[in-house]
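Residue numbers (the numbering used here): -14 to 172.
Built from N, CA and C at the ideal position, the CB exists for glycine as well.
Structure, as structure tokens:
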Amino acid sequence: CFPPELAGGTRSSPERSRGAQGSPTTKPKPIPDNRSPTTDSRSPTTDMTILLLGSGGREHAIAWKLRQSPTVTRLICAPGNPGMATLGELLPVNPDDANGVVELWRQLAPDLVVIGPEAPLAAGVSDALRDAGAAVFGPSKAAARLEWDKSFSKNFMERHGIPSAASQSFAAEQIDAARNYVAAHPL
């Protein structure tokens, strides 16, 4: 389903079926519950503890929406921001530090880790958490590369015929070439 450069995860491709109008619809395969019944007796649909990584506006909106769920009984925002303090607990953790986040996950044992910003994804935090056995909402480092590596993204879109604005990448020592490119491509 994914091109090789994005296939960093272990999920299989979704099953295809036909919707009511005959158009293809995607039915995602169920996500396995990583909790062991001998170590965690909580039901997967009630009394959920969620660890939310990040501190920006996107994470604030995610926290606000998560708190509206009757199944979320504990929300931990790491590091969060003062505005998020009314929505959940704030913990001073660097969300880009994979080892620190995995250690926090081990200490808190949340049911789900939600990664908001792209920097932790680029740092491989989702991969480290999955390797440790955590349930994670966020793409692998390889899949997130489309977001955090703009040059890779533009090359990927060009290779796969995906329409995108014209662009060119330059190294720091190519400042004159970059200026000439910008001058030749006015807005």
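Residue pairing by DSSP places Met69 opposite no residue, since no beta bridge is assigned to it. Distances from the alpha-carbon of Leu114 to those of Asp82, Arg144 and Thr31 put Asp82 closest. Look at Pro64 here: in three-state DSSP terms it is strand. In the DSSP assignment, Val86 falls within the alpha helix (DSSP H) that extends over Ala83 to Leu93. CA-to-CA, the gap between Gly65 and Pro77 works out to about 8 Å. Under a 10 Å Cβ-count criterion, Lys126 is classified as buried, with 16 or more other Cβ atoms of the shown protein chains found around its own Cβ. DSSP places Val78 outside any alpha helix (DSSP H), giving it a letter other than H or E. The three-state reading of DSSP puts Phe122 in strand, counting E and B together. Within a 10 Å sphere around the beta-carbon of Val167 sit fewer than 16 other beta-carbons, which makes this residue exposed.
The closest CA to that of Thr56, considering only Met33, Leu172 and Ala151, is found on Met33. Judged by DSSP secondary structure, Leu51 falls within the alpha helix (DSSP H) whose first and last residues are Gly42 to Arg52.
For Leu36, the uninterrupted beta strand (DSSP E) run begins and ends at Met33 to Gly39, by DSSP.
DSSP places Leu114 within a helical segment (H, G or I) once states are collapsed to three. A Cβ-Cβ contact shorter than 8 Å links Ala63 with Leu89. Val87 and Phe122 have their C-alpha atoms roughly 14 Å apart.
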